[in-house]
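Numbering (the working numbering), first residue to last: 3 to 309.
All C-beta atoms, glycine included, are put in the ideal place defined by N, C-alpha and C.
Keep in mind that this is a model prediction, so the values were computed, not measured.
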Ligand code: CDV
């Protein structure tokens, strides 16, 4: 029996500070409805989906900062999104800023099944940027506003498959996909907020879209898995972010791709047996991987010569 699923990526346009919570939730509900109308079993939202990407600026006031976080789960900020997903019988992945009961702060991603039950939570491991403000056209203060995730790269069974979650910068690191593939993940869902311009490295501005797809396509192919990558796109609080949300097959091919910088739903019918075939014939980890010969160093120097 073939194993097929319809999955959707709900790319979002900018979420500006002045936009009301209700308005953002309304946009997300509309994306859930579009996903359901295409027969999707899963819809994936971006990193920090329902709030502006606040690491792009300095926030000194603690209460102002905490307003962007949800206590443990994102359901409270956007209850209508979860209610509509339950009504339509569709699972969702949603990125959010998590505040725990102990006031620990994480950049998190969570998978809820069609009944609204939390299936899997992930806390971002690879936090880019800095802990202190820089001289730059925009900030990248993830290390100031979040702790490094403490859950590893967990994988959960869902709907006859195994799913893993990642967030934005994670997609650039080979270990992200491999850690989940070794646990049997067949789909990795991730959201991103990626500026077109990288401060202090203008030479890569023209490569931003290329690197986005290169990383996800390589991750998918080298680990024989489906990757659903979803952007928060467009100009948000003065920072221009890429779109290019994509659903990538275990072959490395992009099977669906967003074309706008706004709210846009893309979807694809994905064949999970493709994972099985690639892992059996090409990337058969048990038979061909040789980790005992890799000599991997857990924490090497950054490789920057001036360090
Ligand atoms: N939100 C992110 O993790 N963004 C990073 C940018 C800043 C490099 C990314 O990898 O896309």
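Neighbour-count burial assignment, residue i, 16 or more Cβ in a 10 Å radius
i, result
"residue 206", "exposed"
"residue 275", "exposed"
"residue 167", "buried"
"residue 272", "buried"
"residue 202", "exposed"
"residue 171", "buried"
"residue 109", "buried"
Residue i beta carbon near ligand 1 (any heavy atom closer than 7 Å)
i, result
"residue 97", "no"
"residue 170", "yes"
"residue 64", "no"
"residue 49", "yes"
"residue 130", "yes"
"residue 2", "No information on residue 2 is available, as it lies outside the stretch 3 to 309 that the chain covers here."
"residue 280", "no"
"residue 311", "Since the first residue of the chain shown is 3 and the last is 309, residue 311 is not available in this structure."
"residue 179", "no"
"residue 195", "yes"
"residue 101", "no"
"residue 174", "yes"
"residue 142", "yes"
Nearest to residue i (by Cα), restricted to the options the options
i, options, result
"residue 132", "9, 141, 56", "141"
"residue 12", "19, 20, 35, 251", "35"
"residue 232", "75, 267, 282", "267"
"residue 2", "87, 122, 289, 90", "Coverage of the chain is limited to positions 3 through 309, which leaves residue 2 absent and any answer about it impossible."
"residue 91", "64, 40, 235, 6", "40"
"residue 151", "177, 126, 159, 57", "126"
"residue 245", "105, 64, 215", "215"
DSSP state of residue i mapped onto helix, strand, coil
i, result
"residue 293", "helix"
"residue 23", "helix"
"residue 121", "strand"
"residue 158", "strand"
"residue 169", "strand"
"residue 145", "helix"
"residue 272", "strand"
"residue 285", "coil"
"residue 57", "helix"
Alpha helix (DSSP H) segment containing residue i, residue limits
i, result
"residue 221", "210 to 225"
"residue 84", "81 to 90"
"residue 255", "Unbroken run through residue 255: none, as it is neither H nor E."
Host beta strand (DSSP E) of residue i (start-end)
i, result
"residue 72", "71 to 73"
"residue 101", "93 to 101"
"residue 10", "6 to 13"
Cβ of residue i within 8 Å of any chain B Cβ
i, result
"residue 180", "Among the protein chains of the structure shown there is no chain B, as only one such chain exists."
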